[in-house]
Amino acid sequence: MKEVSISVGQLTELGRRGDINFRFSTRSTAQEGVAGHKKVQQSRPREYVAEHPVSYQAMCGGFNITVSGRLDGYGQFEGDYFLDEIKTVRVHPDEIPESILDGFWRQASLYGYMLCRELELDRLLIRLCFYHLDEKVEFTLERWVATDDLGQLFVDLLFLYAGGLNDQAAWEKTRRSSIDKLTFPYSDYRAGQRDMAVSVFKAVKSGGQLVLQAPTGIGKTMGTLFPAVHALDPETSKRLFYLSAKTSSQHLAEASAEDVARAGARLRVVTLTAKDKICFSPGEPCDPDHCVYARGYYDRIGGVLAALLDSQDQFNREAIEAGAIEHGVCPFELGLDLSKHCDLIISDYNYVFDPVVYLRRFFEAADVDSAALVDEAHNLVDRGRDMFSATIDKASFLALSKQLKRLPLHRRLKSVNQVFLNMRRESDQYEALGYYSSKKPPEKMLNALQRFCAAAEEELRREGGESWREALLETYFSALRFLRTAEGFGDDYVTLLQKGSKRQILLRLYCVDPSNRLREGFARLSSAVCFSATMEPHSYFQRMLGTNSDCDWYQIPSPFPPENLHVTVAGHVDTTYSARSESVPTIVNVVHAVIEAKRGNYLVFLPSYEYLDLVFDGFTSTHPGVDVIRQERNMQDDERMSFLASFDSDPVCGFAVMGGIFAEGIDLTGSRLIGAVVVGVGLPQIGIERDLIREHFPDRGFEYAYQYPGLIKVLQTAGRVIRSETDEGVVCLVDRRYLQHRYRELLPAHWQVQSVRSQEELELNLKGFWQGRQ
Numbered sequence: 103m104k105e106v107s108i109s110v111g112q113l114t115e116l117g118r119r120g121d122i123n124f125r126f127s128t129r130s131t132a133q134e135g136v137a138g139h140k141k142v143q144q145s146r147p148r149e150y151v152a153e154h155p156v157s158y159q160a161m162c163g164g165f166n167i168t169v170s171g172r173l174d175g176y177g178q179f180e181g182d183y184f185l186d187e188i189k190t191v192r193v194h195p196d197e198i199p200e201s202i203l204d205g206f207w208r209q210a211s212l213y214g215y216m217l218c219r220e221l222e223l224d225r226l227l228i229r230l231c232f233y234h235l236d237e238k239v240e241f242t243l244e245r246w247v248a249t250d251d252l253g254q255l256f257v258d259l260l261f262l263y264a265g266g267l268n269d270q271a272a273w274e275k276t277r278r279s280s281i282d283k284l285t286f287p288y289s290d291y292r293a294g295q296r297d298m299a300v301s302v303f304k305a306v307k308s309g310g311q312l313v314l315q316a317p318t319g320i321g322k323t324m325g326t327l328f329p330a331v332h333a334l335d336p337e338t339s340k341r342l343f344y345l346s347a348k349t350s351s352q353h354l355a356e357a358s359a360e361d362v363a364r365a366g367a368r369l370r371v372v373t374l375t376a377k378d379k380i381c382f383s384p385g386e387p388c389d390p391d392h393c394v395y396a397r398g399y400y401d402r403i404g405g406v407l408a409a410l411l412d413s414q415d416q417f418n419r420e421a422i423e424a425g426a427i428e429h430g431v432c433p434f435e436l437g438l439d440l441s442k443h444c445d446l447i448i449s450d451y452n453y454v455f456d457p458v459v460y461l462r463r464f465f466e467a468a469d470v471d472s473a474a475l476v477d478e479a480h481n482l483v484d485r486g487r488d489m490f491s492a493t494i495d496k497a498s499f500l501a502l503s504k505q506l507k508r509l510p511l512h513r514r515l516k517s518v519n520q521v522f523l524n525m526r527r528e529s530d531q532y533e534a535l536g537y538y539s540s541k542k543p544p545e546k547m548l549n550a551l552q553r554f555c556a557a558a559e560e561e562l563r564r565e566g567g568e569s570w571r572e573a574l575l576e577t578y579f580s581a582l583r584f585l586r587t588a589e590g591f592g593d594d595y596v597t598l599l600q601k602g603s604k605r606q607i608l609l610r611l612y613c614v615d616p617s618n619r620l621r622e623g624f625a626r627l628s629s630a631v632c633f634s635a636t637m638e639p640h641s642y643f644q645r646m647l648g649t650n651s652d653c654d655w656y657q658i659p660s661p662f663p664p665e666n667l668h669v670t671v672a673g674h675v676d677t678t679y680s681a682r683s684e685s686v687p688t689i690v691n692v693v694h695a696v697i698e699a700k701r702g703n704y705l706v707f708l709p710s711y712e713y714l715d716l717v718f719d720g721f722t723s724t725h726p727g728v729d730v731i732r733q734e735r736n737m738q739d740d741e742r743m744s745f746l747a748s749f750d751s752d753p754v755c756g757f758a759v760m761g762g763i764f765a766e767g768i769d770l771t772g773s774r775l776i777g778a779v780v781v782g783v784g785l786p787q788i789g790i791e792r793d794l795i796r797e798h799f800p801d802r803g804f805e806y807a808y809q810y811p812g813l814i815k816v817l818q819t820a821g822r823v824i825r826s827e828t829d830e831g832v833v834c835l836v837d838r839r840y841l842q843h844r845y846r847e848l849l850p851a852h853w854q855v856q857s858v859r860s861q862e863e864l865e866l867n868l869k870g871f872w873q874g875r876q
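As structure tokens, this is what we get:
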């Protein structure tokens with residue numbers, strides 16, 4: 103009989119009923135919650151037992167199930183036992199929705215049954231104890247419940263849980279049978295792809311960590327996904343996450359999963375889409391009064407899931423939206439609930455690593471049973487900084503304060519605004535440099551934000567159609583994230599007050615070193631494979647990525663003939679910031695020389711939109727006969743597809759931004775792209791955030807803050823050119839700094855780099871390469 107474990111909290115969720123209702127939340131920080139619990143527990147008699155561990159074993163549905171948890175406290179009064187389930191809140195109990203209260207009673211009842219079994223009781227007084235964090239008072243709801251009635255609820259939920267386990271076991275048997283017969287979906291492995299697959303299989307199967315560097319075009323998506331699917335095991339790795347920062351990479355993962363399915367694998371796949379992108383009621387609160395898709399969601403979701411899982415295995419965004427419309431349920435929550443039944447979850451990094459939004463349904467269980475493939479893992483360091491940082495701006499509080507003068511909330515908004523002003527006035531550094539930094543958390547602001555959040559929750563619970571409500575909700579969530587981020591403030595954080603645009607004042611909790619927080623994310627996983635074409639320098643990623651000290655590192659050598667790629671350094675061009683305007687005519691000549699050497703499709707990458715504007719305007723005015731396209735700011739999906747489709751027909755020269763949407767995750771094979779011009783060394787724009795990173799790492803500060811992130815962008819951009827064994831192309835690196843050893847040594851060893859110091863040398867160099875390829 104198989105042994106399984108489940109927490110009281112997880113068992114409680116199985117019986118959830120009613121509506122989605124995110125308008126109500128206890129909204130306490132973890133620290134406030136702990137303090138509130140202690141306050142209530144300390145108010146009880148001396149004989150009171152707090153934080154009491156309980157567990158219960160039962161055989162059900164072919165499983166030996168252990169349910170465990172820690173109840174808040176219990177005691178005796180006049181000979182009768184009572185149990186406390188403590189909740190820290192900022193509302194009165196009569197304001198809590200019935201569906202939320204029902205969950206509280208259900209959780210307390212499960213604890214109550216285990217306590218009754220332990221103490222051999224016939225009945226128990228169950229008390230929901232609500233401690234109001236602002237008023238510092240306790241409100242209590244009470245129920246006398248017979249042990250037999252508690253036992254019936256317990257048994258009902260155990261049978262529900264066991265039924266789900268049996269359904270999952272049956273599916274895993276079907277999945278395993280299909281995978282055992284599965285062969286590689288394509289006619290053969292690409293050169294180097296088999297070695298990649300072997301290393302990935304070993305890492306996932308053994309529960310290890312692997313950092314894999316493999317050249318662009320080798321087929322990393324299938325080369326990692328196929329062996330990871332083969333390594334899935336219900337005992338160690340029940341499910342697989344495919345994590346990526348870009349939608350284009352997620353689409354590639356979806357396509358690869360479809361190819362694996364066509365090859366015979368039964369694999370349930372779901373793609374998770376951000377709430378603001380998939381919501382059917384954007385701007386509206388997630389509650390039954392404002393969104394029809396929230397009403398009765400938990401009453402119907404069981405049948406909806408059964409219907410969808412019986413009819414299909416693949417759930418991309420379009421499939422989820424179609425299912426949500428058909429059944430009248432929230433598409434975002436539907437995707438999350440589908441994920442519990444899926445083998446492959448394609449999503450952004452934040453669903454595993456972000457401390458605020460990571461999927462607790464998978465990562466707060468006792469079992470660590472999720473493996474992850476981390477695509478384009480070179481992005482994880484800077485994305486980690488974003489995920490672990492938080493920002494609030496003065497303007498949003500001031501604007502709301504002006505609109506809400508007659509409401510009690512006005513005083514709290516005004517207080518936050520005043521703290522901003524005080525922080526600015528108290529720092530000479532801010533007035534002189536435009537920023538102020540400190541290695542201590544902003545305690546006065548945190549206190550003001552806590553009071554604001556409490557008042558904002560009161561107002562948001564009130565019905566109303568005022569135009570400012572959406573702005574209030576957005577500001578409230580920013581403040582809440584700021585407070586939660588502050589709980590993890592340590593040596594790897596800096597408090598930063600800085601000037602924004604239009605006299606704006608921003609306050610940030612900035613994570614200068616994300617490695618410790620990333621390590622916490624990796625600890626949630628049974629195994630992890632991080633892969634990219636650019637995981638060098640090794641020492642940089644070893645220090646910053648957050649993997650274990652015993653993590654394996656493996657590099658797949660380029661399988662493509664080195665003579666097929668011609669790398670030229672145009673060392674006669676100065677692209678430093680001070681020389682950009684003067685460099686435009688020279689860059690225009692370089693671009694023209696590259697595209698004139700051989701007729702075909704090319705991409706030109708610039709470090710910024712401003713630089714792109716200058717070069718694009720200069721090129722089109724000088725060479726009006728060349729067919730050109732350019733990357734625009736904030737391009738939509740259809741505009742991106744149109745841009746890429748331009749490379750399918752007549753020769754075109756595209757202009758794009760280095761590190762942008764066309765610098766990674768696009769696959770223009772063969773004649774669709776035969777060359778790239780990369781202008782600059784990719785250094786991030788000089789700014790206080792980068793300088794703070796530089797200060798934090800005194801031994802390699804410039805490299806960690808500027809040089810390495812810049813060269814990683816360059817190498818990713820250059821990787822768009824050679825995508826298969828037969829591709830031929832040129833990469834022209836335009837910057838005199840590539841002549842320096844500190845930059846040259848970071849270029850791939852298999853590149854046969856040639857340097858030129860004039861326009862004439864460049865033209866001869868390029869013509870010589872193409873003539874030699876005829």
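Quick note: the sequence shown uses the working numbering, first residue 103, plus one each step. Idealized CB from N, CA, C, for every residue including glycine.
Which residues bound the alpha helix (DSSP H) around isoleucine 814?
In the sequence shown, the residue the question calls residue 814 occupies position 712. Taken as a continuous stretch (DSSP letters only), the alpha helix (DSSP H) holding isoleucine 814 covers 810-820.
Continuous beta strand (DSSP E) stretch holding tryptophan 655: start and end:
Position 553 of the sequence shown holds residue 655. Tryptophan 655 -> beta strand (DSSP E) spans 654-657.
Mind pulling the alpha helix (DSSP H) runs of 4 or more residues that sit fully within the region 751-806?
790-798
Check asparagine 549 in the structure and name its three-state DSSP category.
In the sequence shown, counting from the first residue as 1, residue 549 sits at position 447. Here asparagine 549 sits in helix by DSSP.
Considering leucine 113, what are the terminal residues of the alpha helix (DSSP H) in which it resides?
Within the sequence shown, the letter at position 11 stands for residue 113. Residues 110-116.
Per DSSP, what kind of secondary structure is threonine 128 in: helix, strand or coil?
Numbered from its first residue, the sequence shown carries residue 128 at position 26. Here threonine 128 scores only 47 on pLDDT, less than 50, and its place in the model should not be relied on; the value that follows carries that caveat. Three-state result, threonine 128: coil.
Does histidine 194 come out as helix, strand or coil in the three-state DSSP assignment?
Residue mapping note: residue 194 aligns to position 92 of the sequence shown, counting from 1. It is coil, neither helix nor strand.
Does the Cβ of leucine 716 lie closer than 8 Å to at least one heavy atom of the ligand ZN?
With respect to the ligand ZN, the structure shown offers nothing to examine, as it has no ligands at all.
On the criterion of 16 or more Cβ atoms from any shown chain inside 10 Å, does isoleucine 427 qualify as buried, or is it exposed?
Residue numbering aside, residue 427 sits at position 325 when the sequence shown is read from its first letter. Counting C-beta atoms within 10 angstroms of its own C-beta, isoleucine 427 has fewer than 16 neighbours from the protein chains shown and is therefore classed as exposed.
Taking the continuous beta strand (DSSP E) assigned at asparagine 166, which residues delimit it?
The residue you call residue 166 lines up with position 64 of the sequence shown. It spans 165-179 - the beta strand (DSSP E) in which asparagine 166 sits, taken as one unbroken run.
Proximal residues to leucine 230 (C-beta, below 6 Å), its chain only, five neighbours per side dropped
By 1-based counting over the sequence shown, the position of residue 230 is 128. Cβ neighbours of leucine 230 beyond the five flanking positions: Glu187, Phe206 and Leu243.
Buried or exposed (CB count within 10 angstroms, at least 16 for buried), histidine 139
By one-based count along the sequence shown, residue 139 stands at place 37. By the 10 Å Cβ count, histidine 139 comes out buried.
Determine the closest residue to threonine 577 out of Ser529, Phe554, Thr587 and Ala588, with distance taken between C-alpha atoms.
Residue 577 sits at position 475 when you count from the first residue of the sequence shown. Ranked by Cα distance from threonine 577, the options Ser529, Phe554, Thr587 and Ala588 are led by Phe554.
Spatial distance of serine 107 from isoleucine 167 (CA atoms)
Indexing the sequence shown from 1 puts residue 107 at position 5. Indexing the sequence shown from 1 puts residue 167 at position 65. Spanning the two alpha carbons is a distance of roughly 6 Å.
Alpha carbon to alpha carbon, how far is valine 759 from leucine 714? Give it in angstroms, no decimals.
Indexing the sequence shown from 1 puts residue 714 at position 612. Indexing the sequence shown from 1 puts residue 759 at position 657. Each residue's Cα considered, the two are about 7 Å apart.
To which residues of the same chain is methionine 216 closer than 6 Å at the C-beta, ignoring the five residues directly before and after it?
Translated into the one-based positions of the sequence shown, residue 216 becomes position 114. Same-chain partners within the cutoff: Val156 and Tyr158.
Cβ neighbours of asparagine 691 in the same chain (closer than 8 Å, five flanking residues each side left out)
Looking up residue 691 in the sequence shown gives position 589. Result list for asparagine 691: Gln861, in chain order.
What distance in whole Å lies between the Cβ atoms of valine 686 and valine 717, which are believed to be in contact at a cut-off of 8 Å?
Walking along the sequence shown from the start, residue 717 turns up at place 615. Walking along the sequence shown from the start, residue 686 turns up at place 584. Sure, about 6 Å apart at Cβ, within 8 Å.
Please report the straight-line C-alpha distance between glycine 536 and threonine 597, rounded to a whole angstrom.
Your numbering for residue 536 matches position 434 in the sequence shown. Your numbering for residue 597 matches position 495 in the sequence shown. Straight-line measurement puts the Cα of threonine 597 at about 14 Å from the Cα of glycine 536.
Among residues of its own chain, excluding the 5 on either side of histidine 512, which ones have a beta-carbon nearer than 7 Å to its beta-carbon?
Numbered from its first residue, the sequence shown carries residue 512 at position 410. If we look at histidine 512 and ignore the five residues flanking it on each side, its Cβ neighbours are Ser503 and Leu506.
Beta bridge counterpart(s) of proline 317 as assigned by DSSP
Position 215 of the sequence shown, counting from 1, holds the residue named residue 317. None; proline 317 has no bridge partner.
When DSSP labels each residue in this structure, what does phenylalanine 490 get in the three-state scheme?
By one-based count along the sequence shown, residue 490 stands at place 388. Helix at phenylalanine 490.
Can you give, in chain order, each stretch of the alpha helix (DSSP H) that sits fully within the region 414-451 and has at least 4 residues?
Taken in chain order, the unbroken stretches of alpha helix (DSSP H) that lie wholly in the region 414-451 and span 4 residues or more are 419-429 and 433-441.
Which value, in whole angstroms, describes the spacing of the CA atoms of valine 151 and serine 351?
For the purposes of this step, residue 151 is identified with residue 49 of the sequence shown, where counting begins at 1. For the purposes of this step, residue 351 is identified with residue 249 of the sequence shown, where counting begins at 1. Straight-line Cα distance between these residues: approximately 53 Å.
Report the CB separation of tyrosine 453 from leucine 461 in whole angstroms; it is logged as a contact under 8 Å.
For the purposes of this step, residue 453 is taken as residue 351 along the sequence shown, with counting starting at 1. For the purposes of this step, residue 461 is taken as residue 359 along the sequence shown, with counting starting at 1. At roughly 5 Å, the Cβ-Cβ gap stays under 8 Å, so tyrosine 453 and leucine 461 are in contact.
DSSP state of histidine 668, grouped into three classes?
Counting from one through the sequence shown, the residue named residue 668 turns up at place 566. The answer is strand: DSSP assigns histidine 668 an E or B state.
Taking phenylalanine 579 as the reference, give the member of Gln657, Thr636 and Ile494 with the closest Cα.
For the purposes of this step, residue 579 is identified with residue 477 of the sequence shown, where counting begins at 1. Closest by alpha carbon: Ile494.
Can you list, in chain order, the residues of its chain whose CB lies under 6 Å from that of glycine 821, leaving out five sequence neighbours each side?
Here residue 821 refers to the residue found at position 719 when the sequence shown is read from its first residue. Taken in chain order, the residues that qualify are Thr318 and Ala635.
Could you please give the first and the last residue of the uninterrupted beta strand (DSSP E) stretch that includes valine 730?
Position 628 of the sequence shown, counted from the start, is the residue given in the question as residue 730. Unbroken beta strand (DSSP E) run through valine 730: 730-732.
Any idea which residues DSSP pairs valine 836 with across the strands?
Position 734 of the sequence shown, counted from the start, is the residue given in the question as residue 836. Bridge partners of valine 836: Ala672 and Val781.
Residues sharing a beta bridge with proline 155, DSSP:
As a position in the sequence shown, residue 155 is number 53, starting the count at 1. DSSP lists Arg172 as partners of proline 155.
Residue burial classification, glutamine 133 (beta-carbon count within 10 angstroms, cutoff 16):
Residue numbering aside, residue 133 sits at position 31 when the sequence shown is read from its first letter. Exposed, because fewer than 16 other Cβ atoms sit within 10 Å of the Cβ of glutamine 133.
How should tyrosine 595 be labelled, buried or exposed, when 16 other C-beta atoms within 10 angstroms of its C-beta is the threshold for buried?
Taking the sequence shown and counting its residues from 1, the one referred to as residue 595 is at position 493. With 16 or more other Cβ atoms within 10 Å, it is buried.
Give the DSSP bridge partners of isoleucine 403, in chain order.
Here residue 403 refers to the residue found at position 301 of the sequence shown. Bridge partners of isoleucine 403: none, in fact.
Where do the N-terminal and C-terminal ends of the alpha helix (DSSP H) with cysteine 218 fall, by residue?
Looking up residue 218 in the sequence shown gives position 116. Run containing cysteine 218: 200-221, per the alpha helix (DSSP H) assignment.
Of the residues Gln787, Leu575, Val832 and Glu665, which one's Cα is nearest the Cα of glycine 702?
Within the sequence shown, the letter at position 600 stands for residue 702. Answer by Cα proximity: Val832.
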